[in-house]
Amino acid sequence: MLELHSVVKHFASPGGEVIRAVDGVSLSIDPGEMVALYGPSGSGKTTLLKIIAALLRPDSGAVRVGSRDVLALSKREAAAYRLHEVGFVRQQPDFVPGASAIDNAALKLFDELRRRDARRRVEPLMHRLGLGDRLRHAGDELSTGERQRVLIARALSTEPSLLLADEPTGNLDSRRSRDVMELLCELCHERGVATLLVTHDPLVAGYADRALELHDGRLQDYVGDSSHL
Amino acid sequence: MKLANVAALYQMRLRAQLGQELLALLGIAVGVSLLFAALVANTSLTGSFERTTKGIVGKARYEFAARGEGFDERMLSKVEGLSGVAAAAGILEVRAQARSGRLRRSVLLVGVTPDFAKLDGAVSPVFSYGWLADVTALALPTPLVHELRLTLGQSVILDVSGHSVVARLGTKLQASDIGSLIDSPVAIAPLHYAQALSNRVRQLSRVFVVPKAGQDSRVRAELTRLAAGRIDVRAADFDAALFRQASQPTSQSTAMFSVFSAMVGFLFAFSAVLLTVPQRRQLIADLRTEGYGPRTIFKVLLFDALVLGVVASAVGIVAGDQLARHLFDQRPVFLEMAFAFGSERITTPTTVVIAAAGGVAASLIAVLGPMAPSLLRGADIEPLDRKPGRLDSALLSSGLVCLAAGIVTVIARPSLAGIGVGGLVFLTVAMLLLLPLILRRLVALLDLATEGIRSIVPFLAITDLRDPVTHLRSLAVAATGAVAIFGSVALQGAHADLQRGLDRTSADLSSIGDVWVVAPGRANLLATTPFRAPTLRVPPGVISRFADFRGSFLDVGDRRIVVYGSPASARRPIPRGQMIDGDTTRATRLLRAGGWAVVSAALANQLGLRVGQRFVLPSPVPTPLRVSALSTNMGWPPGAMVLNSDDYARAWGSDDVSAVHATLAPGVTQAEGAQELRRALGPRSGLDVQTAAQRERDQRAASREGLTRLTEIAALVLVAAMIAMAAAMAGMIWQRRAFLARMKVEGYSAGELWRSLLLEAAVLVGAGCAIGALFGLLGQSLLSRALTSVTGFPVLYSVAVVDALLSCAAVTLVSVAIIGVFGRRAASIDARVGVR
Chain E
4 MLELHSVVKH FASPGGEVIR AVDGVSLSID PGEMVALYGP SGSGKTTLLK
54 IIAALLRPDS GAVRVGSRDV LALSKREAAA YRLHEVGFVR QQPDFVPGAS
104 AIDNAALKLF DELRRRDARR RVEPLMHRLG LGDRLRHAGD ELSTGERQRV
154 LIARALSTEP SLLLADEPTG NLDSRRSRDV MELLCELCHE RGVATLLVTH
204 DPLVAGYADR ALELHDGRLQ DYVGDSSHL
Chain Z
646 MKLANVAALY QMRLRAQLGQ ELLALLGIAV GVSLLFAALV ANTSLTGSFE
696 RTTKGIVGKA RYEFAARGEG FDERMLSKVE GLSGVAAAAG ILEVRAQARS
746 GRLRRSVLLV GVTPDFAKLD GAVSPVFSYG WLADVTALAL PTPLVHELRL
796 TLGQSVILDV SGHSVVARLG TKLQASDIGS LIDSPVAIAP LHYAQALSNR
846 VRQLSRVFVV PKAGQDSRVR AELTRLAAGR IDVRAADFDA ALFRQASQPT
896 SQSTAMFSVF SAMVGFLFAF SAVLLTVPQR RQLIADLRTE GYGPRTIFKV
946 LLFDALVLGV VASAVGIVAG DQLARHLFDQ RPVFLEMAFA FGSERITTPT
996 TVVIAAAGGV AASLIAVLGP MAPSLLRGAD IEPLDRKPGR LDSALLSSGL
1046 VCLAAGIVTV IARPSLAGIG VGGLVFLTVA MLLLLPLILR RLVALLDLAT
1096 EGIRSIVPFL AITDLRDPVT HLRSLAVAAT GAVAIFGSVA LQGAHADLQR
1146 GLDRTSADLS SIGDVWVVAP GRANLLATTP FRAPTLRVPP GVISRFADFR
1196 GSFLDVGDRR IVVYGSPASA RRPIPRGQMI DGDTTRATRL LRAGGWAVVS
1246 AALANQLGLR VGQRFVLPSP VPTPLRVSAL STNMGWPPGA MVLNSDDYAR
1296 AWGSDDVSAV HATLAPGVTQ AEGAQELRRA LGPRSGLDVQ TAAQRERDQR
1346 AASREGLTRL TEIAALVLVA AMIAMAAAMA GMIWQRRAFL ARMKVEGYSA
1396 GELWRSLLLE AAVLVGAGCA IGALFGLLGQ SLLSRALTSV TGFPVLYSVA
1446 VVDALLSCAA VTLVSVAIIG VFGRRAASID ARVGVR
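First to last, the sequence lines map onto chains E and Z.
Throughout the first sequence, residue numbering follows our numbering, covering 4 to 232 in sequence.
Throughout the second sequence, residue numbering follows our numbering, covering 646 to 1481 in sequence.
This is the structure in structure tokens:
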């Protein structure tokens, strides 16, 4: 589903030094597979996610999602790609202020469906995520864990082929983290979504089918504390 | 925390939020500048006249003033001979037109003697010049000399008392000579020369009297005895009271506009300060965490507010001074017909204090208001709709009560200026209270209407409008538009109603005769300058009849009213469409019969007169009359009266006329008639021939000029509102860039996000303006009715829906266009910002 081949992205630091954020990364994720990308801060994880989401062009390499060459996309096509084919779950719960939980979950459907239909489409997913009694609640009336689950619902609402999760449990305690990760795993496997999970939490990485480590822009097998995996 | 540390903390934060602070500063400065300029304009109008009056009368306590053209100059000796009089000086004032080549200017010819120096007024030095005793030359203020392009010794033609005379420019007067009179259209001449020029030999208009110490009441009694009921005895500076009364409508309307200006400025500042609320809330939380108590936190916030308020007020006062100098300095020219006044700009300490206090108060409310919950309860600010049920009911009930009070005031035809203004306040408060509810309903409707649209655009706009965190800011933006449009529609609508009424009056008054022979000059637009009726010989078949028209200003109580003596033979001796109480046909019949007068309603109210009642006109020869009908003030604010031309001649004890009407023979055009009359007058006549159409045009132009200041202030308020709304919205949008970036990460394009911002801005600004326009139409009705019943102006009321819609659309479009530019930039933020 997702294929990265020798992707390189270097930045020049203010001092003139070259930062090798992504340095020849090759990676393949199958449908329904969850891959954890482990690495400390500044290791290039987010840069890699941006490249896969067509938010950043690499210096070289190839990125394919299904049959689509992500690097050949125009700005408009890139936006459509993110809207329809990619789900994105971030550490910060990006709620639309003033909107209800269900509207936040249905946000990505508003361009193709009427609002009523979009809500109807996402409602079963919300129930599945345990938010059935929270549909009309505003963001500030939900707990952090609930908000994160709403964003998972949003990410999966368009039935994407690829899910990118950037520290999805970064703001949650361990119990909530476990709950969220279990749900995410279950849904991704069930729906055949290729998932790239970026984290620096070994506990979270433990939920993945495979765990890789990004170190100084280079990808390697995760060799951390294997007791978590 | 020590003050120095508070200041240091402020400085550190200022660097981080300089943009928002500057925006807030701009908002308060705009409000202060408009308020200050309007206050200065008002103070200057009456203040400059008062200063001039005081400068002339000096130590004089009383004036002995002719009711008509003048009294015998021997009266001066009699006054001087009164036992309690220390000094007295006589003056002759005659309306004239000065000409030099093609340039012409209405002037007040003032004849004085060196005796004037005895009054010891601020402008006395000029009267002590030796040349005043025996030279035959004029002294003109330097600006007037420049306007007429004259040089010393050059001849200037004066059209005065119905003839043209050649005079010589002897002296150019400077401001140091005549103070604020420097910008007044006056021509000063030695008394005997002025008397000769104007054919008013041995006549005086006024005598100023300085009583001996402790002899005030005695002198007044002696003067009253000497006046024998034919000359007015009053305070020497009484003219200032007359002028204040005459300029009241101008001052009041400017004051009303200044209040709206201040409100717009405050809302501007409030919106801008709200942009920094999150930072200030964070500051409170940080200080509290670090162990600082409420007093310190309050001190820190108070310092913020005071710095902002003081600096913004200073900037506003400087800008306001420039506005007052360059934009608000127009003089209500129509008042020049009855008063000679200067254009001195007067800034009093009170004006500065009011403007500065307004600015600091606005800053204190804007900075401390939203922080009050955090300060008092140590909690975060409560969004407005946290308890929508209770708050909505309170807003709805109090809003409806205010609206009802406003409507009752409209229907009740306000009889007092206070109630009229009170009604306007009720409507403004009602509008502001109901605004959040109306806005919420509109958003709900929009939500419903766009439910079936497959686009993120309406959804994002609607959710932003509903966002409780920015709700207060959104309301402030809508309220800015609402207040500005409300003020503009109400005042401009009433202005338009008044203008239509004045236009009809001009048409009514001008159509009394087909062609008019009058003294020339703009100051004689109402035909109030007397002259000896000329003999007019025109070929047969041109004019079917001539009729004498008389008119002048007369002081009745504290009003300088205009009195018209309309010829009984005129087709319509009473201007049509000016009646408020009484039947025009009956009033016309009674006027022709003689002994009856049509009196303007406001004047009748003050004198306690009703239709049919008798009164004595305080004319040079006090004359008993009866009220045949009540009319509008015919466009002259203090009031008007129409009587039979023959009654007028008896009351003034003079056969002089102020116009000769010519009714044209059938088939003769006004232009042909006018040409024949000019030929009959000859080239040396000091009179002018005007067709009815020409007079109507001139009067319309003068009334429009008189209301220019209102139009300009209204335009400025709208511009300020546009800037305020655009700045506040742009600030809000700018702070939302990170969110927009995250929406881009979700796959939405810059175009969609931009359109959502535009829609949000259009809804907010458009709704605010529309609500303002709706309430503005009610306000217009209130003001027009108040103008009719309080001042007696001839107002032709009409619901100015088109004007209101145009104002609303213009402000909305311009504001949304400006916001659109910022929105475009904000929406084109790099999506990568959303994945940091």
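Ideal Cβ placement from N, Cα and C applies to all residues, glycine included.
Since we're looking at a predicted model, the values are computed, not measured.
* Asked: If you scan the segment 152-230 of chain E from start to end, which runs of the beta strand (DSSP E) of 3 or more residues do you find wholly inside it?
  -> Entirely contained in the segment 152-230 of chain E, the beta strand (DSSP E) runs reaching 3 residues are, in chain order, 165-169, 197-202, 213-218 and 221-224.
* Asked: Is it buried or exposed for S229 (chain E), if we count other Cβ within 10 angstroms and need 16 for buried?
  -> Per-residue confidence for S229 (chain E) stands at a pLDDT of 45, beneath the threshold of 50, marking its modelled position as unreliable; the derived number appears in the next sentence. So S229 (chain E) counts as exposed.
* Asked: Under the three-state reduction of DSSP, which class applies to P1267 (chain Z): helix, strand or coil?
  -> coil
* Touch test, the segment 1134-1148 of chain Z against the segment 1436-1443 of chain Z, Cβ-Cβ under 8 Å, three pairs minimum -> yes
* To do: Compute the beta-carbon to beta-carbon distance between S103 (chain E) and L138 (chain E), rounded to the nearest angstrom, for a pair I have assumed lies under 8 Å.
  => 7 Å
* Give me the Cα-Cα distance between A1365 (chain Z) and A1471 (chain Z), rounded to the nearest whole angstrom. => Distance between the alpha carbons of A1365 (chain Z) and A1471 (chain Z) is about 23 Å.
* **Cβ contact (3+ pairs, closer than 8 Å) linking the segment 1164-1178 of chain Z and the segment 736-755 of chain Z** => yes
* To do: Check each residue of the segment 109-120 of chain E: if its Cβ is closer than 7 Å to any Cβ of chain Z, include it; give the result in chain order.
  => L110, K111, F113, D114, E115, L116, R117, R118 and R119
* In the DSSP assignment, what residue or residues form a beta bridge with D1200 (chain Z)? -> Z:R1205
* To do: Give the range of the beta strand (DSSP E) segment to which R870 (chain Z) is assigned.
  => Unbroken run through R870 (chain Z) is the alpha helix (DSSP H), D861 to A872; no beta strand (DSSP E).
* To do: Return no unless some Cβ of chain E is closer than 8 Å to the Cβ of R1086 (chain Z).
  => no
* Burial state of K48 (chain E), where buried means 16 or more other Cβ atoms lie within 10 Å -> Its Cβ being crowded by 16 or more others within 10 Å, K48 (chain E) is buried.
* State buried or exposed for I1026 (chain Z), treating a residue as buried only when at least 16 other CB atoms are found within 10 Å of its CB. => Confidence in I1026 (chain Z) is poor, its pLDDT being 42 and thus under 50, which makes the residue's placement unreliable; the coordinate value appears in the next sentence. That one is buried.
* Please name the residues in the segment 12-33 of chain E whose beta-carbon is closer than 9 Å to at least one beta-carbon of chain Z, in chain order. => none
* **Sheet register partners of V786 (chain Z) (DSSP bridge)** => As written in the sequence, residue 786 (chain Z) is Pro, which differs from the Val given in the question. Answer by DSSP bridge pairing, in chain order: Z:L818.
* Asked: Is any beta-carbon of chain E found at less than 8 Å from that of R1470 (chain Z)?
  -> no
* To do: Check whether the Cβ atoms of I105 (chain E) and V92 (chain E) sit closer than 8 Å, and answer yes or no.
  => At a Cβ-Cβ threshold of 8 Å, I105 (chain E) and V92 (chain E) do not count as neighbours.
* Asked: Relative to the alpha-carbon of L1422 (chain Z), which residue among Z:G1051, Z:T1173 and Z:A1246 has its alpha-carbon at the smallest distance?
  -> Z:G1051
* Given a threshold of 16 other Cβ atoms within 10 Å of its Cβ, counted over all protein chains shown, does Q223 (chain E) qualify as buried or as exposed? -> exposed
* Asked: What's the call for Q1507 (chain Z), buried or exposed, on a 16-neighbour Cβ count within 10 Å?
  -> Here chain Z comprises residues numbered 646 to 1481, so residue 1507 (chain Z) is not present and cannot be evaluated.
* Counted within 10 angstroms of its Cβ, other Cβ atoms place M720 (chain Z) as buried (16 or more) or exposed -> buried
* Asked: Any Cβ of chain E within less than 8 Å of the Cβ of I1101 (chain Z)?
  -> yes
* Asked: Quick one: which chain E residues come within Cβ less than 7 Å of E1405 (chain Z)?
  -> Within 7 Å Cβ-Cβ: nothing; E1405 (chain Z) doesn't reach chain E, min ~11 Å.
* Asked: Are the C-beta of R85 (chain E) and some C-beta of chain Z separated by less than 8 Å?
  -> Closer than 8 Å: yes.
* Asked: Just by C-beta distance, which residues in the segment 1103-1119 of chain Z are closer than 9 Å to chain E?
  -> P1103, F1104, L1105, I1107, T1108, D1109, L1110, R1111, D1112, P1113, V1114, T1115 and H1116
* To do: Would you identify the three-state DSSP class for A102 (chain E), choosing helix, strand or coil?
  => In this structure, A102 (chain E) counts as coil in the three-state DSSP scheme.
* How big is the Cα-Cα spacing for P1028 (chain Z) and P61 (chain E)? -> For P1028 (chain Z), the predicted model reports a pLDDT of 44, less than 50, meaning its position is unreliable; a value from the coordinates is still stated below. The alpha-carbon of P1028 (chain Z) is positioned some 44 Å away from that of P61 (chain E).
* Asked: What residue from E:V66, E:L200 and E:E193 has the CA that sits closest to L5 (chain E)'s CA?
  -> E:V66
* Asked: Apart from the five residues just before and just after T1115 (chain Z), which ones in its own chain have a Cβ nearer than 8 Å to its Cβ?
  -> D1109 and M1377
* Proximity winner among Z:T1174, Z:L1262, Z:F915 and Z:M646, relative to E935 (chain Z) (alpha-carbon distances) -> Nearest C-alpha to E935 (chain Z) among Z:T1174, Z:L1262, Z:F915 and Z:M646: Z:M646.
* To do: Compare the C-alpha of A1152 (chain Z) against each of Z:P856, Z:D1226 and Z:M1279 and name the closest.
  => Nearest option by C-alpha distance: Z:M1279.
* Out of Z:V1362, Z:I1098 and Z:K1389, point me to the one whose CA is closest to D114 (chain E)'s CA. => Z:I1098
* Asked: Helix or strand or just coil, what does DSSP make of Q2 (chain E)?
  -> The requested residue 2 (chain E) does not occur in the structure, where chain E is confined to residues 4 to 232.
* When burial is assigned at 16 or more other CB atoms within 10 Å of the CB, is A1024 (chain Z) buried or exposed? -> With a pLDDT of only 47 at A1024 (chain Z), under the threshold of 50, the placement of this residue in the model should not be trusted; the figure read from the coordinates follows. By the 10 Å Cβ count, A1024 (chain Z) comes out exposed.
* **DSSP-derived helix/strand/coil call for K12 (chain E)** => In this structure, K12 (chain E) counts as strand in the three-state DSSP scheme.
* In three-state terms, what does DSSP make of P835 (chain Z)? -> Reduced to three states, the DSSP call for P835 (chain Z) is strand.
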